[in-house]
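Below is one structure, written out as structure tokens; the observations come after it.
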Amino acid sequence: MFNVPKLRFGEFEGEYKEVKVGDICNCIVPGRNKPKKFDGDIPWITTPDINSKYIFNPKECLFIDRDEAKKIGSKIIPKDSVVMSCVGELGVIAITKEPIVINQQLHAFLPSKVITSEFLNYSLLTQKKYMERVATKTTLLYMNKNSCNSIPILLPKLQEQKKISIYLTSIDKKIEQLNQKSTLLESYKKGVMQKIFSQEIRFKRDDGGVFEDWEEEKLKNYLVESRIKGSSGDKAKKITVKLWGQGVYAKNEIREGSSNTQYYIRKEGQLIYSKLDFLNCAFGLIPKKLDGYESTVDLPCFNFIKDVNKELLLERIKQKNFYKKNGDIADGSRKAKRIHANTFLSYTLFFPSLEEQQKISNFLTSIDQKITQNNQALEEMKAFKKGLLQQMFV
23 MFNVPKLRFG EFEGEYKEVK VGDICNCIVP GRNKPKKFDG DIPWITTPDI
73 NSKYIFNPKE CLFIDRDEAK KIGSKIIPKD SVVMSCVGEL GVIAITKEPI
123 VINQQLHAFL PSKVITSEFL NYSLLTQKKY MERVATKTTL LYMNKNSCNS
173 IPILLPKLQE QKKISIYLTS IDKKIEQLNQ KSTLLESYKK GVMQKIFSQE
223 IRFKRDDGGV FEDWEEEKLK NYLVESRIKG SSGDKAKKIT VKLWGQGVYA
273 KNEIREGSSN TQYYIRKEGQ LIYSKLDFLN CAFGLIPKKL DGYESTVDLP
323 CFNFIKDVNK ELLLERIKQK NFYKKNGDIA DGSRKAKRIH ANTFLSYTLF
373 FPSLEEQQKI SNFLTSIDQK ITQNNQALEE MKAFKKGLLQ QMFV
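Number 87 in our numbering belongs to position 65 of the sequence shown; there are no gaps in the numbering.
Written out as structure tokens, the structure reads:
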């Protein structure tokens with residue numbers, strides 16, 4: 023039998039009906055003009071504003087009124103419509119839970135009586151490959167109204183649609199709960215670290231005794247710059263440091279680097295930062311898999327010359343009251359500041375004894391383990407949902 027999903031609730035049978043979105047929905051294409059006034063109470067939604075299954079009382083977006091919507095040629099999208107991105111990243115989808123206005127990178131579908139908003143939402147999520155196939159290939163992928171209306175949907179009866187949607191919504195709720203838990207754990211860790219490094223929270227010895235006061239030292243007492251000459255820019259295996267403490271990664275370059283640029287070999291465990299992105303918290307430790315990769319002097323590396331917990335020292339440097347404070351006063355008021363290695367090594371910070379460092383590290387590691395476990399559960403739940411979509415939709 024054709025048009026029957028691999029996974030189905032036992033009480034249903036028969037084939038799904040093949041239709042196109044345009045056959046069962048009205049498609050609203052927004053006006054091309056951008057509002058000039060944002061002083062109303064109707065959310066003006068763009069693709070970045072869609073970060074969950076539902077668009078409901080968004081706090082970060084802009085708002086317009088009905089007169090402004092009329093002036094720019096945009097219709098009000100009613101509640102329970104399905105909004106979908108049609109430019110660039112295709113298939114970012116959400117259901118409206120209040121009237122909104124959308125910009126030209128989005129289209130909206132108003133379901134008829136034969137399909138629920140929830141089922142349409144899930145059906146569209148399974149059709150991203152089709153969207154990419156029919157999209158116009160310009161600088162950005164683009165789907166016009168006809169392309170959007172042509173998206174194929176295999177349609178069961180309403181009762182089955184509702185049961186499928188209820189089940190998948192329960193999975194979405196679990197994913198959202200895990201997402202919220204990740205956010206809370208990350209926020210908790212950030213707050214705790216701020217209190218630890220400001221010494222608002224102090225740890226005690228195993229016997230209950232108090233650790234000695236933290237000492238203020240220059241970074242040069244912990245670190246020394248490493249300059250082991252490596253390859254030229256056209257041969258080097260390059261690394262980059264991501265902003266906001268997101269780690270060190272191999273750099274993927276389409277074009278070869280210059281043969282006149284000297285690169286330096288970097289070793290596992292070295293501290294690295296970006297001179298130009300110091301104020302953007304571009305700090306990290308070289309991971310084992312990138313041992314032997316290279317960078318220029320604009321991404322200087324340092325060996326540790328003192329017995330110190332490397333991860334904890336990195337976390338201290340990633341604190342805003344270190345990099346922002348020192349970066350702001352460096353090189354006067356220049357916008358494109360390069361914090362050179364000697365300047366970096368001259369900065370001071372308060373840091374605990376090695377024994378207290380270990381206590382702090384163990385505590386933060388326990389939080390990291392909870393974050394890792396939760397993130398793993400989140401990825402498993404997302405994979406489970408993806409598998410369900412592949413099997414419950416033809």
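C-beta atoms are modelled at their ideal positions from N, C-alpha and C, and glycine is treated no differently.
Within 10 angstroms of the Cβ of residue 2, are there 16 or more other Cβ atoms? Answer buried if so, exposed if not.
Any answer about residue 2 is impossible in this case: the structure gives the chain only from 23 up to 416.
Is it the case that the Cβ atoms of residue 295 and residue 253 are separated by a distance below 8 Å?
no
Which two residues bound the contiguous alpha helix (DSSP H) that contains residue 170?
167-171
With a 10 Å radius around its C-beta and 16 neighbouring C-beta atoms as the bar for buried, classify residue 206 as buried or exposed.
exposed
Can you tell me whether residue 396 is buried or exposed? The criterion is at least 16 other CB atoms within 10 Å of its CB, across all chains shown.
buried
So, are the CB atoms of residue 18 and residue 190 less than 8 Å apart?
With the chain running from 23 to 416 in the structure shown, residue 18 is simply not present.
Please report the straight-line C-alpha distance between residue 215 and residue 231, rounded to a whole angstrom.
22 Å
Restricting to Cα atoms, I'd like to know which of 188, 366, 165 is closest to residue 114.
165
Does the segment 95-113 come into contact with the segment 60-71, if we say contact requires no fewer than three beta-carbon pairs (one atom in each stretch) closer than 8 Å?
yes
Smallest Cα separation from residue 269: which of 74, 303, 48, 246?
303
Quick check: residue 437 and residue 34, are their CB atoms within less than 8 Å of each other?
This structure does not reach residue 437, given that the chain is present from 23 up to 416, and the question cannot be answered.
From residue 355 to residue 274, what distance separates their C-alpha atoms?
Residue placement at residue 355 is flagged as unreliable, the pLDDT there being 47, under the threshold of 50; the coordinate-derived value follows with that caveat. Approximately 33 Å between the Cα atoms of the pair.
Entirely within the segment 319-386 and at least 3 residues each: give me those beta strand (DSSP E) ranges in chain order.
323-326, 370-373
Please determine, among 174, 137, 135, 138, the residue with the shortest C-alpha to C-alpha distance to residue 149.
174
Which residues in the same chain have their Cβ closer than 6 Å to the Cβ of residue 301, if we skip the five residues on either side of it in sequence?
349
Hey, residue 327 and residue 246: beta-carbon distance below 8 Å or not?
yes
Hey, how far is the Cα of residue 387 from the Cα of residue 394?
10 Å
With C-beta atoms as the reference, is residue 46 less than 8 Å away from residue 178?
no
Proximity of residue 261 and residue 287 at Cβ, strictly below 8 Å
no
Taking the straight line between their C-alpha atoms, what separation do you get for residue 88 and residue 169?
28 Å
For the alpha helix (DSSP H) containing residue 31, list its first residue and its last residue.
Segment: none, residue 31 is in no alpha helix (DSSP H) and carries neither H nor E.
What whole-angstrom Cβ distance do residue 147 and residue 400 have, given they're in contact under 8 Å?
In fact, because the Cβ distance is near 18 Å, the residues do not count as touching under 8 Å.
According to DSSP, is residue 280 helix, strand or coil?
coil
When DSSP builds the beta bridges, which residues end up paired with residue 132?
48
Can you say whether residue 125 is buried or exposed, counting buried as having 16 or more other CB atoms within 10 angstroms of its CB?
buried
If you draw a straight line from the alpha carbon of residue 192 to that of residue 412, how long is it in whole angstroms?
17 Å
Counting only the same chain and skipping the five closest in sequence on each side, list residues whose C-beta sits under 7 Å from that of residue 157.
112, 163, 164, 165, 169
Please return the same chain residues whose Cβ sits closer than 6 Å to the Cβ of residue 78, not counting the five positions on each side in sequence.
119
Identify whether residue 27 lies in helix, strand or coil by the three-state DSSP scheme.
coil
With respect to the alpha helix (DSSP H) encompassing residue 152, which residues constitute its N-terminal and C-terminal limits?
150-156
Rounded to the nearest angstrom, what separates residue 131 and residue 373 at their Cα positions?
57 Å
The beta strand (DSSP E) that contains residue 220, what's its start and end?
Here residue 220 belongs to no beta strand (DSSP E), and DSSP marks it neither H nor E.
Looking at the unbroken alpha helix (DSSP H) that takes in residue 140, where does it start and where does it end?
139-147
Within its chain, find whatever has a CB closer than 8 Å to the CB of residue 138; leave out the 5 residues flanking it on each side and keep chain order.
180, 183, 184, 187
State the Cα-Cα distance for the pair residue 211 and residue 51, rounded to the nearest angstrom.
44 Å
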